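Chemist:
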Amino acid sequence: MKIFCIGRNYSDHAKEMNAEVPVSPIFFMKPDTALHKESEFYIPKFTTDLHYECEIVVRIDRVGKNIGENFARKYYSEIGLGIDFTARDLQQQCKEKGLPWEIAKSWENSAPIGNHWFKTSELNMDNIQFHLEKNGATVQKGSSAEMIFSIDRIIAYLSQFSTLKVGDLIYTGTPAGVGPVNVGDELVGYLENKEMYRLKIK
Ligand code: ZN
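If you read the sequence shown in numbering that gives the first Met the number 0, its first letter stands for residue 0, the second for the next number, and so on.
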């Protein structure tokens, strides 16, 4: 399986990163070794500025390529919540040098994923509410309504470049409020007020 991640899909987050709002989706990938399902997360030694990015995750459940946006709904039926962990210090160096982002984004365990999946039929897909708490305080809050590129548009776009396969995941971008995590922090992600994951930072 493969993991796609969408960058700058919420204008308030693009703004906080001093980045332009994109005219077409920006994507990068993580390997399957990035997936992290445990409740304990160990900060890797190569970063001193690890940031959380809470994101709605779509699981593909049908093989497709060159999928029309109008048909994209047929290619997924489950929605989860994850974190696109980012070594912000390394990402900044990549940006300055015009280098790819993999060392900042695609390392082992950089993609925590919750163990609960909602059926799309259980959700109002145009307004999926989610939020992230750090040590009990809400630090990020978003809705699929605020996405610059909808899930269906993202699927149509990605499938031009790569065949989507059963089990592939798409991290759909993060709203404003990204920030650092340190040893001792606890992150809890909620989708429609259901706890989706709880991570103790070690
Ligand atoms: Zn992200």
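Ideal Cβ placement from N, Cα and C applies to all residues, glycine included. Note that this is a predicted model, so its numbers are computed, not measured.
Run the CB neighbour count on Ser120, radius 10 Å, all protein chains shown included, and call it buried at 16 or more, exposed below.
Modeler: Counting from 1 along the sequence shown, the entry for residue 120 is found at position 121. Flag for Ser120 reads exposed.
Chemist: Kindly indicate which residue of Tyr75, Phe148, Glu54 has the alpha-carbon position closest to the one of Val138.
Modeler: By one-based count along the sequence shown, residue 138 stands at place 139. Taking only the C-alpha atoms, the option nearest Val138 is Glu54.
Chemist: Select from Phe160, Leu131, Met0 the residue whose C-alpha is nearest the C-alpha of Tyr189.
Modeler: The residue given as residue 189 occupies position 190 in the sequence shown. With distances taken between Cα atoms, Tyr189 lies closest to Leu131.
Chemist: At a cut-off of 7 Å, is Asp48 close to ligand 1 when judged by its beta-carbon and the heavy atoms of the ligand?
Modeler: Translated into the one-based positions of the sequence shown, residue 48 becomes position 49. No, Cβ of Asp48 sits at least 7 Å from all heavy atoms of ligand 1.
Chemist: Please report the straight-line C-alpha distance between Gln92 and Pro174, rounded to a whole angstrom.
Modeler: For this step, residue 92 is matched to residue 93 along the sequence shown. For this step, residue 174 is matched to residue 175 along the sequence shown. So the two alpha carbons sit approximately 22 Å from each other.
Chemist: Whole angstroms are fine: how far does the CA of Asn123 sit from the CA of Ser105?
Modeler: The count along the sequence shown starts at 1 and reaches residue 105 at position 106. The count along the sequence shown starts at 1 and reaches residue 123 at position 124. Straight-line Cα distance between these residues: approximately 31 Å.
Chemist: If you measure from each residue's Cβ to the nearest non-hydrogen atom of ligand 1, which ones come out under 5 Å, in chain order?
Modeler: Here the list is Glu52, Asp83, Thr173.
Chemist: Taking the alpha helix (DSSP H) that Leu163 falls in, what are its first and last residues?
Modeler: Here residue 163 refers to the residue found at position 164 of the sequence shown. Segment: none, Leu163 is in no alpha helix (DSSP H) and carries neither H nor E.
Chemist: What distance in whole Å lies between the Cβ atoms of Thr46 and Ala86, which are believed to be in contact at a cut-off of 8 Å?
Modeler: Translated into the one-based positions of the sequence shown, residue 86 becomes position 87. Translated into the one-based positions of the sequence shown, residue 46 becomes position 47. Yes, they are in contact, since the Cβ atoms of Ala86 and Thr46 sit about 4 Å apart, within 8 Å.
Chemist: Under the rule that 16 or more other beta-carbon atoms within 10 Å means buried, what is Thr162, buried or exposed?
Modeler: Position 163 of the sequence shown, counting from 1, holds the residue named residue 162. With fewer than 16 other Cβ atoms within 10 Å, it is exposed.
Chemist: Under 8 Å by Cβ, that's how I've got Asp125 and Glu68 pegged, so tell me the actual separation to the nearest angstrom.
Modeler: Within the sequence shown, the letter at position 126 stands for residue 125. Within the sequence shown, the letter at position 69 stands for residue 68. Incorrect: roughly 14 Å between the Cβ atoms, too far for contact.
Chemist: In chain order, what residues of the same chain have a beta carbon less than 6 Å from the beta carbon of Phe26, not counting five sequence neighbours either side?
Modeler: As a first step, residue 26 must be located in the sequence shown, where it is residue number 27. Only Phe3, Ile5 meet the Cβ criterion.
Chemist: Which residue's Cα is closest to the Cα of Asp167: Leu198, Lys133, Gly79?
Modeler: Taking the first residue of the sequence shown as 1, we reach residue 167 at position 168. Of the listed residues, the one whose Cα sits closest to Asp167 is Gly79.
Chemist: Can at least three beta-carbon pairs, one atom from the region 26-44 and one from the region 57-67, be found at a separation below 8 Å?
Modeler: Verdict: no, contact absent.
Chemist: Return helix, strand or coil for Glu52, following the three-state DSSP convention.
Modeler: Position 53 of the sequence shown, counted from the first residue, corresponds to residue 52. Reduced to three states, the DSSP call for Glu52 is coil.
Chemist: Helix, strand or coil, according to DSSP, for His12 in the structure here?
Modeler: Working through the sequence shown from its first residue, we reach residue 12 at position 13. Three-state DSSP puts His12 in a helix.
Chemist: What are the complete alpha helix (DSSP H) segments, minimum 4 residues, inside the region 50-97?
Modeler: Counting only runs of 4 or more, we get 87-96.
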